[in-house]
Amino acid sequence: MSFVPQLNERSMNEINFDATPEPALPAEIPVMSPAKSRGTEGKEAAKSLIEIEDLGFSYDLGQTETLRNITLSIPKGQVTSFIGPSGCGKSTLLRCLNRMNDLIDTAKVTRGKIKIMGQDIHAADVDPIELRKRVGMVFQKYNPFPKSIFENAAYGMRIQGVKSQKVLAEAVERALKQSALWDEVKDRLNSSALGLSGGQQQRLCIARAIAVQPEIILMDEPCSALDPIATARIEELITDLKENYTIVIVTHNMQQATRVSARTAFFYLGELIEVGPTTKIFGNPSKKQTEDYVSGRFG
Amino acid sequence: MWRDLTGYAIFAFCTYFVLLCAFYIFFDITAKGLPVLMDKGTDFLTKSPETLVVFKDEADEIVQMPMSEYSVFRKDNPAAVIRDEHTHSYSAGGIMGPLVGTALLVIVCMLVALTTGVATAIFLNEYARKGRFLNLVRLAIMNLAGVPSIVFGLFGLGVFCLWPWLPVLTYEPSESAVLVFAVPFTDGWLSFQGWGTSILAGGFTLAIMVLPVIITACEEALKAVPMGFREAAMALGATKWQAIRTAVLPYAKPGIMTASILGVTRVAGETAPIMFTAALAHKGALPWQEAKGSGLFWLSDFLTQSVQALPYHIYTVSARIPQSEYTEPMQSGSVFVFMLLVMIFAGLSIYLRGRYRKNLKW
Chain A
162 MSFVPQLNER SMNEINFDAT PEPALPAEIP VMSPAKSRGT EGKEAAKSLI
212 EIEDLGFSYD LGQTETLRNI TLSIPKGQVT SFIGPSGCGK STLLRCLNRM
262 NDLIDTAKVT RGKIKIMGQD IHAADVDPIE LRKRVGMVFQ KYNPFPKSIF
312 ENAAYGMRIQ GVKSQKVLAE AVERALKQSA LWDEVKDRLN SSALGLSGGQ
362 QQRLCIARAI AVQPEIILMD EPCSALDPIA TARIEELITD LKENYTIVIV
412 THNMQQATRV SARTAFFYLG ELIEVGPTTK IFGNPSKKQT EDYVSGRFG
Chain B
11 MWRDLTGYAI FAFCTYFVLL CAFYIFFDIT AKGLPVLMDK GTDFLTKSPE
61 TLVVFKDEAD EIVQMPMSEY SVFRKDNPAA VIRDEHTHSY SAGGIMGPLV
111 GTALLVIVCM LVALTTGVAT AIFLNEYARK GRFLNLVRLA IMNLAGVPSI
161 VFGLFGLGVF CLWPWLPVLT YEPSESAVLV FAVPFTDGWL SFQGWGTSIL
211 AGGFTLAIMV LPVIITACEE ALKAVPMGFR EAAMALGATK WQAIRTAVLP
261 YAKPGIMTAS ILGVTRVAGE TAPIMFTAAL AHKGALPWQE AKGSGLFWLS
311 DFLTQSVQAL PYHIYTVSAR IPQSEYTEPM QSGSVFVFML LVMIFAGLSI
361 YLRGRYRKNL KW
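Line by line, the protein sequences give chains A and B. All residue numbers for the first sequence refer to this note's numbering, where the first residue is 162 and numbers rise by one. All residue numbers for the second sequence refer to this note's numbering, where the first residue is 11 and numbers rise by one.
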């Protein structure tokens, strides 16, 4: 098993994320590899892609722990949602998965491990830059760059050093098609991304993330700034994307969790209270706190 | 009710007072300076200052003549009647020398100040760990902004003019040089002898003076770029520097440019820092007319020339020579041109800011 091949041939040699990197494949390789489109709900237990083991995390160099004792496995090829009241640590955990928390000076993993495909992502030989190319992220507030639609979608490849206009154009088209935006923007790829509607901008951000062909997409409340119609389109998109990507989504909207995710993890005050199939978490939770939260008694 | 009115009256009065002062200065300078410029025409901008000779001819008419013309006139008319002859320094000719000198000083200054300032701002805002040390650095920078400009002048004199360990390329090393290397394949020398009173010394002194302003403005410009751009770039696998270069700096550029143009107007107007470090009251030749050698030697010689500068020229003609009706046109003309320049730069910065703001919204 290995990560999706890089578009950028040059950087392949530097990748030490995987123990035995495969040689680069040409950029034209089809995105949907059969190995990845497995593991939807109801089939045999999907293989775990992300293993979180007894994780502790602190924003202030270990004085107080924002996350405690998190042990969780996230299966490949499924949508997993993180739910819980504000401040419960679900976004923090999400940002641990691509080490975005490294950007905060005083943030620190105090205990435990996160393994992605068996590799400890905090190991000394893991370059967070390479990790982030494989673990894409979509943010709460859609944040396209004030550039053209094309340049937004091509950004990830440009910073990886892809220069060929042909490769870029193909990748942009593929990403925009996958994010269901192509038909709406194909005639105005060179106009500013900021002229798009909020929902379109968020789908463009998703396109930007999948253009570099990550293995995993992390979504941090991707619909919280959108109206219901735009939200519905993003949810549709998430359902389509799970064929090719493993998605972890943080959401405040419990209906959204039931609509898009196969598994749900409920967090409260920095701890993982319960995790299981979404139907069980919402239908027959085994913990009292979970039941209180999903039934709207608090949170 | 009347309390409210009193407050209104005081605030309004103060505002109108400020406006009145601004307009008075503007119209006074224009009224005095514009006729000078109209009268002298482009000569005022393309000639360097020289001594004005005033005398009475045989018909008792008062004649004014620049020194250069006067000597030709005397040679051609040895028999001419000249009475009551007196001279006024720097009051004839134009302000080409000071204009060129100020432009050169500003260019050197902005090259130094912008590279250092932008780099410092990037470090402070993007890289440095937040904490007590960073606050101390910020405090120091802010304090630097409050230091009187004459202090910067003395500092520049000590460091950039007199300190001998600054290198120049020259064919004739000074006797006070502390270290001299022969440059291979030329007959020139790399000589550590200090920069002396020069464009370089003046430009660096001005740069250090304006740095706090540039750093603070650049930091503001960087802070105005949404955090989301950095996060989005980093989440796509950009290195920190890539994220800054492609997703932060392009959007901070308008702010940085506005700040630097305002910096230019400030630097161009400073007299004290260049008084000891760069400026001369009078210099016949323009810097490129006196620079010797070729290539880097020429550049070095060019940059170590001293120059005239507009604010220093204004100071000289209005305070350092005896005043009379004959010296006034030069004062008013110089001040008027100077004000025009500052207004053009300020206008340019407002225009650029507006133009970029239209293109960059998020």
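For every residue, glycine included, the Cβ atom is placed at its ideal position computed from N, Cα and C.
Looking at the structure shown, is VAL28 of chain B part of a helix, part of a strand, or coil, going by DSSP?
Of the three classes helix, strand and coil, the one that applies to VAL28 of chain B here is helix, per DSSP.
List the residues of chain A whose Cβ lies closer than 9 Å to the Cβ of PHE133 of chain B, in chain order.
Going along chain A, no residue has its Cβ under 9 Å from PHE133 of chain B, so there is no contact; the nearest lies around 14 Å.
Closer than 7 Å by C-beta to THR275 of chain B: which residues in its own chain qualify, once you throw out the five before and the five after it? Chain order, please.
Excluding positions up to five away in sequence, the list reads VAL352, PHE355, ALA356.
Determine whether the Cβ of GLY217 of chain A lies closer than 8 Å to any Cβ atom of chain B.
Chain B contact via Cβ: absent.
Report yes or no: is there a C-beta of chain A within less than 8 Å of the C-beta of LEU358 of chain B?
Cβ-Cβ to chain A under 8 Å: no for LEU358 of chain B.
In whole angstroms, what is the alpha-carbon distance linking GLY297 of chain A and ALA391 of chain A?
For GLY297 of chain A and ALA391 of chain A, the distance between alpha carbons rounds to 21 Å.
Please confirm if GLN326 of chain A has its CB atom under 8 Å from at least one CB of chain B.
It does not; no Cβ of chain B falls within 8 Å.
So, with DSSP's three-state summary, where would you put VAL188 of chain B?
If DSSP states are grouped into helix, strand and coil, VAL188 of chain B belongs with coil.
Jot down the residue ranges of each uninterrupted alpha helix (DSSP H) in the region 336-366 of chain A, minimum 4 residues, whole runs only, in chain order.
As far as the region 336-366 of chain A is concerned, its whole alpha helix (DSSP H) runs of at least 4 residues are 343-346.
Using a Cβ cut-off of 7 Å, which residues of the region 265-298 of chain B contact any Cβ in chain A, in chain order?
Flagged: no residues at all.
May I ask you to report which of helix, strand or coil DSSP gives ILE424 of chain A?
The question names Ile, yet the displayed sequence has Arg at residue 424 of chain A. Of the three classes helix, strand and coil, the one that applies to ARG424 of chain A here is strand, per DSSP.
Of the choices A:PRO383, A:GLN224, A:ARG295, A:ARG364, whose alpha-carbon is the least far from that of THR143 of chain A?
Here chain A has residues from 162 to 460 only, and residue 143 of chain A is not among them.
Would you mind working out which of A:PRO389, A:ASP348, A:LYS338 sits nearest CYS366 of chain A, comparing C-alpha positions?
It is A:LYS338 whose Cα lies nearest to the Cα of CYS366 of chain A.
For the region 319-343 of chain B, which residues have a CB atom closer than 7 Å to at least one CB atom of chain A, in sequence order?
Hits within the stretch: zero.
Taking contact to mean at least 3 C-beta pairs separated by less than 8 Å, is the region 144-155 of chain B in contact with the region 262-282 of chain B?
As far as the Cβ criterion goes, the region 144-155 of chain B does not touch the region 262-282 of chain B, which means the pair count is below three.
Check each residue of the region 244-267 of chain B: if its Cβ is closer than 7 Å to any Cβ of chain A, include it; give the result in chain order.
So the list reads MET244, ALA245, LEU246, GLY247, ALA248, THR249, GLN252, THR256, ALA257, TYR261, given in the order they occur along the chain.
For ALA206 of chain A, is the classification buried or exposed, using 16 other Cβ atoms within 10 angstroms of its Cβ as the cut-off for buried?
Here ALA206 of chain A scores only 48 on pLDDT, less than 50, and its place in the model is too uncertain to base an answer on.
Considering only C-alpha positions, which residue in the set B:HIS323, B:ALA319, B:LEU296 is nearest to PHE312 of chain B?
Of the candidates B:HIS323, B:ALA319, B:LEU296, the one whose C-alpha sits nearest the C-alpha of PHE312 of chain B is B:LEU296.
What does the Cβ neighbour count give for PHE311 of chain A, buried or exposed, with the cut at 16 atoms within 10 Å?
Buried, because 16 or more other Cβ atoms sit within 10 Å of the Cβ of PHE311 of chain A.
Indicate whether at least one CB of chain B lies closer than 8 Å to the CB of ASN304 of chain A.
So, interface residue.
Nearest CA to the CA of PHE214 of chain B: which residue from B:GLY127, B:ASN135, B:ASP14?
Ranking B:GLY127, B:ASN135, B:ASP14 by Cα distance to PHE214 of chain B puts B:GLY127 first.
Touching or not, the region 245-265 of chain A and the region 304-324 of chain A, by the rule of three or more beta carbon pairs under 8 Å?
Short answer: they don't touch.
Could you give the DSSP three-state label for SER219 of chain A: helix, strand or coil?
Reduced to three states, the DSSP call for SER219 of chain A is strand.
Which of the three DSSP states is assigned to GLU205 of chain A in this structure?
Because GLU205 of chain A sits at a pLDDT of 40, beneath the cut-off of 50, its placement in the model cannot be relied upon, and the following sentence gives the value as read from the coordinates. GLU205 of chain A falls in the coil class under three-state DSSP.
If you measure from the beta carbon of LYS251 of chain A to each beta carbon in chain B, is any gap under 8 Å?
It does not: the Cβ of LYS251 of chain A has no partner Cβ on chain B nearer than 8 Å.
Is the region 314-329 of chain B touching the region 286-301 of chain B in the sense that three or more CB pairs, one from each, lie closer than 8 Å?
Verdict: yes, contact present.
Report yes or no: is there a C-beta of chain A within less than 8 Å of the C-beta of PHE239 of chain B?
Yes, PHE239 of chain B lies at the interface with chain A (some Cβ there is under 8 Å from its Cβ).
For the beta strand (DSSP E) that GLN74 of chain B lies in, which residues bound it at each end?
Per DSSP, GLN74 of chain B belongs to the beta strand (DSSP E) from 72-76.
What span of residues does the beta strand (DSSP E) with GLY104 of chain B cover, start to end?
Element bounds for GLY104 of chain B: n/a, residue is neither H nor E.
Leaving out five residues before and five after SER99 of chain B in sequence, what residues of the same chain have Cβ atoms less than 6 Å from its Cβ?
Here the set comprises THR61, ILE331.
The beta strand (DSSP E) that contains SER234 of chain A, what's its start and end?
Element bounds for SER234 of chain A: 228-236.
SER242 of chain A lies in the beta strand (DSSP E); which residues open and close that run?
From DSSP, the beta strand (DSSP E) with SER242 of chain A extends over 240-244.
Hey, PHE110 of chain A and GLY238 of chain B: beta-carbon distance below 8 Å or not?
With chain A running from 162 to 460 in the structure shown, residue 110 of chain A is simply not present.
May I ask you to verify whether the region 446-455 of chain A touches the region 23-30 of chain B, counting CB pairs closer than 8 Å and requiring at least 3?
The region 446-455 of chain A vs the region 23-30 of chain B: no contact.
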